[in-house]
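In this note's numbering, the protein residues as written are 2 to 104.
All C-beta atoms, glycine included, are put in the ideal place defined by N, C-alpha and C.
These figures come from a predicted structure and were not determined experimentally.
First the structure, in the form of structure tokens, and then the observations on it.
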């Protein structure tokens with residue numbers, strides 16, 4: 002049961018293609034804090050989706066590492082204690098990364 006304290010879901014043995022080619026991740030998130038991991042996938046190539054800290058405080062962050070490391074953050078704050086629908090996507094073919102907040 003998710004009670005809002007240290008909860009997570011782990012998926013083991015997930016098959017993946019290498020190199021990282023395409024990924025889209027979406028989540029409904031309600032947070033009043035920065036520096037939160039929403040979802041991550043860690044191998045030699047990785048992606049991380051979260052709510053940033055420091056210079057990116059309260060905004061959606063999207064970090065990928067395929068052939069290069071590429072970090073980006075959104076401009077809208079989402080650490081306001083309200084529900085937000087967040088999506089991030091990556092396409093290595095077009096080198097496009099996108100962040101969607103409530104849209």
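Nearest candidate by alpha-carbon position, reference residue i, set the options
i	options	result
residue 29	66, 38, 97, 70	38
residue 48	33, 64, 36	64
residue 94	24, 77, 100	24
Contact belief for residue i with residue j at Cβ below 8 Å, rounded distance in angstroms
i	j	result
residue 110	residue 40	A query on residue 110 cannot be resolved here, the shown segment of the chain reaching from 2 to 104 and no further.
residue 80	residue 35	5 Å
Any non-hydrogen atom of the ligand PLP within 7 Å of residue i CB
i	result
residue 43	The ligand PLP is absent from the structure shown, which contains no ligands of any kind.
Residue i vs residue j beta-carbon contact at 8 Å
i	j	result
residue 61	residue 52	yes
Chain D contact for residue i (CB, 8 Å cutoff)
i	result
residue 10	Of the protein chains in the structure, only one exists, and it is not chain D.
Per-residue burial, residue i [other beta carbons within 10 Å of its own, 16 or more giving buried]
i	result
residue 45	exposed
residue 91	buried
C-alpha distance - residue i paired with residue j, whole-angstrom precision
i	j	result
residue 73	residue 11	25 Å
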